[in-house]
Amino acid sequence: MNGSKDQMFGVPRTVTEKFRFDAEVAAIFEDMISRSVPGYRQILQMLPSLIRCCAPPQGRYYDLGCSLGAGMLAMAEALRGGKGTIIGIDNSAAMIEQASQAIARCADTYECDLSMQCADILDYPIESADMVLMNFTLQFIELEKRDYLIRKIYDASEPGGILIVSEKVCFADPETNRTLIDIHHQYKADQGYSQLEISQKRDALEDVLIPETIDVHINRMRDAGYRIVTPWLQNLQFVSLLAIK
Ligand SMILES: C[S@@+](CC[C@H](N)C(=O)[O-])C[C@H]1O[C@@H](n2cnc3c(N)ncnc32)[C@H](O)[C@@H]1O
Numbered sequence: 127m128n129g130s131k132d133q134m135f136g137v138p139r140t141v142t143e144k145f146r147f148d149a150e151v152a153a154i155f156e157d158m159i160s161r162s163v164p165g166y167r168q169i170l171q172m173l174p175s176l177i178r179c180c181a182p183p184q185g186r187y188y189d190l191g192c193s194l195g196a197g198m199l200a201m202a203e204a205l206r207g208g209k210g211t212i213i214g215i216d217n218s219a220a221m222i223e224q225a226s227q228a229i230a231r232c233a234d235t236y237e238c239d240l241s242m243q244c245a246d247i248l249d250y251p252i253e254s255a256d257m258v259l260m261n262f263t264l265q266f267i268e269l270e271k272r273d274y275l276i277r278k279i280y281d282a283s284e285p286g287g288i289l290i291v292s293e294k295v296c297f298a299d300p301e302t303n304r305t306l307i308d309i310h311h312q313y314k315a316d317q318g319y320s321q322l323e324i325s326q327k328r329d330a331l332e333d334v335l336i337p338e339t340i341d342v343h344i345n346r347m348r349d350a351g352y353r354i355v356t357p358w359l360q361n362l363q364f365v366s367l368l369a370i371k
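Numbering (my numbering), first residue to last: 127 to 371.
Structure representation (structure tokens):
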């Protein structure tokens, strides 16, 4: 694993600062997401199979909110031997800086064209997309801008183009919601996080990561025009949805 161990929330904080994807987070992000999001590794492992099945090998692929480029590398793995284009977008300069170094180190391994841009995905012009990946990114976009973003991606996609949206979701039934949150907190404790780390991170993410129900996500993608919309992986309240234009 690259990067350092996530100990960001290990010391008591007097002021709750809102969570930001800054240099401090970029330095420990791989450890943080791997130990916090059950199923994250499985999504990355399964992506090449999904891509080989559903997307063209010479395609134009986007990873929106690419962070350190893990999704881009999964795409590159799927395109091995082919000449596709993979564009990663993130508005965190610290993430893009680290990701660019990691991608440059392994660029010779792949034949496809890999590039990254530091930009806001709401403004970035997406063109002729065969695949768009948003792996745990939409949850950080303001609620009122989410319909616009999904429609923009749909409009910029080729016929048959695919969209993968992975999200932390919530459940309409409060008891179901509470139970899954409790299991998730137990999972984090089992990954080595203390109760202090768990509660301080939860406070920092309040109103920053805004989950929606699976139905809200599915309806939004259907309303945008996607023909097929279905969950393809779920682990607790972490769900990945596949949509096909
Ligand atoms: C949880 S991380 C995504 C993880 C990553 N996709 C992966 O699979 O490892 C969310 C990322 O979205 C980025 N992000 C959030 N809002 C954004 C926006 N409006 N434009 C571009 N990137 C954004 C953040 O900087 C952060 O790197």
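Ideal placement from N, C-alpha and C gives every residue a C-beta, glycine not left out.
None of the values given here were measured: they were computed from a predicted structure.
Beta bridge pairing from DSSP links Lys294 with Phe364.
Using a C-beta cut-off of 8 Å, the region 356-366 makes contact with the region 160-172, since at least three inter-stretch Cβ pairs fall below that distance. Between Gly210 and Cys180, the gap from beta carbon to beta carbon reaches 8 Å or more. Around the beta carbon of Arg186, a 10 Å sphere encloses 16 or more other beta carbons of the protein chains shown; the residue is thus reported as buried. Going by C-alpha positions, Ile252 is about 7 Å away from Ile279. Tyr188: member of the beta strand (DSSP E) spanning Arg186 to Leu190, first to last residue. Sequence-distant Cβ neighbours of Pro357 in its own chain, meaning closer than 6 Å and more than five residues away, are Val365 and Leu367.
The C-alpha of Asp341 is placed about 32 Å away from the C-alpha of Gln243. Under the Cβ criterion (8 Å, minimum of three pairs), the region 214-228 counts as touching the region 146-161.
Between ligand 1 and Thr263, a heavy atom-to-CB distance of less than 7 Å is present. With a threshold of 16 other beta carbon atoms within 10 Å, Asn345 falls short and is exposed. Inclusion of Ala330 and Lys144 in the CB contact set at 8 Å is warranted, their separation being smaller than that value.
Remark: fewer than three beta-carbon pairs, one from each stretch, lie closer than 8 Å, so the region 298-311 and the region 201-220 are not flagged as touching. Judged by DSSP in its simplified three-state form, Cys244 adopts strand. Cα atoms of Gly195 and Gly351: separation of roughly 28 Å, rounded to the nearest angstrom.
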